[in-house]
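The block underneath contains the structure these notes are about, expressed in structure tokens.
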Amino acid sequence: QGKFTLLRDTRTDGSFLVHHFLSFYLRAGCKVCFLALLQSFSHYNIVAQKLGVSLAAARERGQLVFLEGLKSCLDLLFGEETEEEQTGQPSPLQFISESASNLKALFDFVQTSLTPTSGDSWKGPVLLVDDLSVLLSLGAAPVAVLDFIHYCRVAVCSQLKGNIVVLVHSNEDSEDEENELVVNSLCHHSDLILWVEGLATGFCKDVHGEIKIIKRVSLELRAEQDHVQIYQYKIQDKNVTFFARGLSAAVL
Amino acid sequence: LVFTEEDKYGLYSHLLFKYFLAEGVVCGHDLFVASAKEHPDNILKELPAPLLDDTYRNELGEEATAVKSNDFQDSMKIAWRYQNLPKMEASPTSTKFGHYYDVSKTMSPELFQSTKWHSFYLPEELSSQPKMKSCNMNSAYIRLLQSIQRIIYQEGFDGSDPQKKQKTILRIGIQSLGSMLWGDDICSSETPEDTHSLTKFLYVLRGLLRKSLSACIITLPAHLIQNKAIMERVTNLSDTVVGLESFIGSERETNPLYKDYHGLVHVHQIPRLNSLICDVSDTKDLAFRLKRKQFTIERLHLPPDLSDTVSRASKQDLAESAKLLSSGCGAMAIGKKHLDF
Chain A
1 QGKFTLLRDT
11 RTDGSFLVHH
21 FLSFYLRAGC
31 KVCFLALLQS
41 FSHYNIVAQK
51 LGVSLAAARE
61 RGQLVFLEGL
71 KSCLDLLFGE
81 ETEEEQTGQP
91 SPLQFISESA
101 SNLKALFDFV
111 QTSLTPTSGD
121 SWKGPVLLVD
131 DLSVLLSLGA
141 APVAVLDFIH
151 YCRVAVCSQL
161 KGNIVVLVHS
171 NEDSEDEENE
181 LVVNSLCHHS
191 DLILWVEGLA
201 TGFCKDVHGE
211 IKIIKRVSLE
221 LRAEQDHVQI
231 YQYKIQDKNV
241 TFFARGLSAA
251 VL
Chain B
1 LVFTEEDKYG
11 LYSHLLFKYF
21 LAEGVVCGHD
31 LFVASAKEHP
41 DNILKELPAP
51 LLDDTYRNEL
61 GEEATAVKSN
71 DFQDSMKIAW
81 RYQNLPKMEA
91 SPTSTKFGHY
101 YDVSKTMSPE
111 LFQSTKWHSF
121 YLPEELSSQP
131 KMKSCNMNSA
141 YIRLLQSIQR
151 IIYQEGFDGS
161 DPQKKQKTIL
171 RIGIQSLGSM
181 LWGDDICSSE
191 TPEDTHSLTK
201 FLYVLRGLLR
211 KSLSACIITL
221 PAHLIQNKAI
231 MERVTNLSDT
241 VVGLESFIGS
251 ERETNPLYKD
261 YHGLVHVHQI
271 PRLNSLICDV
281 SDTKDLAFRL
291 KRKQFTIERL
301 HLPPDLSDTV
311 SRASKQDLAE
321 SAKLLSSGCG
331 AMAIGKKHLD
341 F
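These protein sequence lines are chains A and B, in that order.
Numbered per the UniProt record's numbering, the first sequence spans residues 1 to 252.
Numbered per the UniProt record's numbering, the second sequence spans residues 1 to 341.
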């Protein structure tokens, strides 16, 4: 409860973790607010069906609040009537058209979707973001993004006792300083970091990458070091298999 | 959203761009061509002619049988372990996917007549007023987005109008995006005024593509962009990213390793849509060559290191270049100038 998990990928695509967490939390009966900034709803729906969860059904019964970033952006820019007139609420991605780099509308959206209403019987709220680096591409300043995450933590983790899972991209020798700033700052504040990396030796058919699981025990003021576990993985159509380093099925 | 990083002189990426459009014509798709450099009419006049299936198959068939009969009886003596591996096919013989084109001929006007195409030539469009809500984007990009959105809406590619049911897709080709001709200065200075125009444009374009029946190819002079952060963001926003590196004017032109080829193809990213995994091919080393009639992309294979008279220096060069191949088998042996025994 009240945990902030950071999903970080380097040289590979960590979105399989996002699909996992989405289906995991929906199966557990939590209310999920999913900010899908980079892909369409049908993409997540199809993958979730392979994992055994129906997103459309979850959305209908109110368990899933799905913000389809691409669609929302199009409505904002090309829509004839503003969303304010339609729903009485400003568009969550308003910062794209405004000059002020302010993610407040997005935060309001998150807060209203996760605040429990009288008829709700879901277990803890969860905020899922895929992925945060896109906000920087759309013109938000790194400080604005960090502020947004901070506000979300206060609202979701502390007040509502929910969890947050965020995906970011990073590269080791990246020249994108703003992105690295955001990623490093989030790393320091996370309770759990799942760092997915492509293999350093290059591409391999049987081992798609390596995942480092870092439990930030050092944040709990117990004078302990962080626990780090490293596994390698291979992604299949409906499943991901994890194994210890060097013990891939192809080798054994 | 297919993204192509242009090679230095834009020759080969332009060719790829024309292939994309020509494929659209042959398949009966609608086209949308946007450029700031060249009038789309001229681009469309230069599309390569498609090869009719029969003649090409015959040619290929002859070649293939000739090759087979020659070395069918040769058995390998030294590298006999490799004999069991399937012969590598340099050219696909019977694929039904896509068409082949003859680069030396242009497409005949009759074939082209039935295609519905739309164009966007920036110098002509600058006079019109943008109707889109302002979003701090470069005005050329705003106009282009508006034009694309209008076509998608009017022709019914987004399914919003139940009466205009589209049976085909819209192929969008945008040439040399991000160059100075579009009014963006990311190619000319390291700290451009507006770092977000291109990425915002791509995001909105991605939204339009996802919402409609369309596919898009964009070429971009990546070698000119000084701010590498923008390229990283662009890669994240695209589905497929392919880079073309031509050997013209670089030291690799004379490198014996690459003597058969005109350039390398770097596949930086492939789409991972609607599934957990993506279809990653076995090899990541691809090279292209432009023969008189054909533009082929094949696996890069090292020429056999046969001669004894090759000097030690160039042997080291070969080994150094071989290191660059990302074959996933870690470090390859480094050829030293003086052998230590």
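We put the CB at the ideal spot given by N, CA and C, even for glycine.
All of these numbers come straight from a predicted model, not from anything done at the bench.
Cβ shell of residue i (< 7 Å), same chain only, five flanking positions each side left out
{"i": "A/Asp131", "result": "Leu37, Leu38, Leu167, Val168 and His169"}
{"i": "A/Pro116", "result": "none"}
{"i": "A/Asn184", "result": "none"}
{"i": "A/Val207", "result": "Leu199, Gln232, Lys234 and Ser248"}
{"i": "A/Leu26", "result": "Val32, Val53, Ala58, Gln63 and Leu64"}
{"i": "A/Asn239", "result": "none"}
{"i": "A/Glu68", "result": "Ala36, Ser40 and Phe41"}
{"i": "A/His43", "result": "none"}
{"i": "B/Gln149", "result": "Leu208"}
{"i": "A/Glu180", "result": "Ser170 and Ser174"}
{"i": "A/Tyr151", "result": "Phe107"}
{"i": "B/Arg233", "result": "Thr199"}
{"i": "A/Leu70", "result": "Ser40"}
Status (buried if at least 16 other CB within 10 Å, exposed otherwise) for residue i
{"i": "A/Asp173", "result": "exposed"}
{"i": "B/Lys200", "result": "buried"}
{"i": "A/Phe21", "result": "buried"}
{"i": "A/Gln1", "result": "exposed"}
{"i": "B/Gly207", "result": "buried"}
{"i": "B/Arg143", "result": "buried"}
{"i": "B/Thr219", "result": "buried"}
{"i": "A/Glu175", "result": "exposed"}
{"i": "residue 279 of chain A", "result": "Coverage of chain A is limited to positions 1 through 252, which leaves residue 279 of chain A absent and any answer about it impossible."}
{"i": "A/Ile230", "result": "exposed"}
{"i": "A/Ser158", "result": "exposed"}
{"i": "A/Phe242", "result": "exposed"}
{"i": "A/Trp245", "result": "Note on residue identity: the sequence assigns Arg, not Trp, to residue 245 of chain A. Looking at its Cβ environment, which holds fewer than 16 other Cβ atoms inside 10 Å, A/Arg245 is exposed."}
{"i": "B/Gln154", "result": "exposed"}
{"i": "A/Glu60", "result": "exposed"}
{"i": "B/Ala140", "result": "buried"}
{"i": "B/His196", "result": "buried"}
Close-in-space but distant-in-sequence residues of the same chain around residue i (CB under 6 Å, 5 per side omitted)
{"i": "A/Trp195", "result": "Arg8 and Lys212"}
{"i": "A/Val5", "result": "It is Thr, not Val, that sits at residue 5 of chain A in the sequence shown. If we look at A/Thr5 and ignore the five residues flanking it on each side, its Cβ neighbours are Val165 and Leu192."}
{"i": "B/Leu177", "result": "Ile218 and Leu220"}
{"i": "B/Gly330", "result": "Unreliable placement is indicated for B/Gly330, whose pLDDT of 31 sits below 50; no coordinate value is reported for it."}
{"i": "A/Leu186", "result": "Leu6"}
{"i": "B/Ser147", "result": "Phe120"}
{"i": "A/His188", "result": "none"}
{"i": "residue 254 of chain A", "result": "Only positions 1 to 252 of chain A appear in the structure, and residue 254 of chain A is not among them; the question remains open."}
Sequence-distant residues of the same chain with beta carbon closer than 8 Å to residue i, five excluded per side
{"i": "A/Glu197", "result": "Asp9, Thr10, Arg11, Thr12, Gly209, Glu210, Ile211 and Lys212"}
{"i": "A/Asn171", "result": "Thr10 and Arg11"}
{"i": "A/Val217", "result": "Glu224, Gln225, Asp226 and His227"}
{"i": "B/Lys228", "result": "none"}
{"i": "A/Gly124", "result": "Gln1, Cys30, Lys31, Leu160, Lys161, Gly162 and Asn163"}
{"i": "A/Leu103", "result": "Phe95, Leu135, Ala140, Ala144, Val145, Asp147 and Phe148"}
{"i": "A/Ser190", "result": "Phe4, Thr5, Leu6 and Arg216"}
{"i": "A/Val182", "result": "Leu132, Ser133, Leu136, Pro142, Val145, Leu146 and Val168"}
Rounded Cβ spacing between residue i and residue j (contact assumed at less than 8 Å)
{"i": "B/Ile151", "j": "B/His118", "result": "5 Å"}
{"i": "B/Leu202", "j": "B/Leu237", "result": "5 Å"}
{"i": "B/Leu213", "j": "B/Leu145", "result": "Actually they do not touch by this definition, with Cβ atoms about 18 Å apart."}
{"i": "A/Val156", "j": "A/Leu114", "result": "6 Å"}
{"i": "A/Phe16", "j": "A/Phe41", "result": "Rounded, the Cβ-Cβ distance is 18 Å, inconsistent with contact."}
{"i": "A/Leu128", "j": "A/Val47", "result": "The Cβ separation is near 14 Å, so there is no contact."}
{"i": "residue 260 of chain A", "j": "A/Glu178", "result": "With chain A represented from 1 up to 252, any question about residue 260 of chain A goes unanswered, as that position is not in the structure."}
{"i": "B/Thr235", "j": "B/Val241", "result": "5 Å"}
{"i": "A/Ala56", "j": "A/Asn45", "result": "6 Å"}
At a CB distance below 9 Å, what residues from the region 165-199 of chain A approach chain B? Give them in sequence order. Result list: His169, Asn171, Ser174, Glu175, Asp176, Glu177, Glu178, Asn179 and Leu199.
Take every Cβ of the region 25-44 of chain A, pair it with every Cβ of the region 227-235 of chain A, and state whether three or more of those distances are shorter than 8 Å. no
Would you say the region 134-148 of chain A touches the region 47-55 of chain A, given that touching needs at least three Cβ pairs under 8 Å? no
Could you please tell me which residues of the region 198-218 of chain B, in chain order, have their CB closer than 7 Å to any CB of chain A? Residues Thr199, Lys200, Tyr203, Val204, Arg206, Gly207, Leu208, Arg210 and Lys211.
Can you pull out the residues from the region 230-247 of chain B whose beta carbon lies closer than 7 Å to at least one beta carbon of chain A? Glu232, Arg233, Asn236 and Leu237
Members of the region 134-160 of chain A near chain B, C-beta cut-off 8 Å: Val134, Leu136, Ser137, Leu138 and Gly139
When you check each C-beta in the region 3-31 of chain A against every C-beta of chain B, which residues fall closer than 8 Å? Asp13, Ser15, Phe16 and His19
Quick one, which residues of the region 55-79 of chain A are near chain B if we go by CB-CB under 7 Å, in chain order? The residues in question are Leu70, Lys71, Cys73, Leu74, Leu77 and Phe78.
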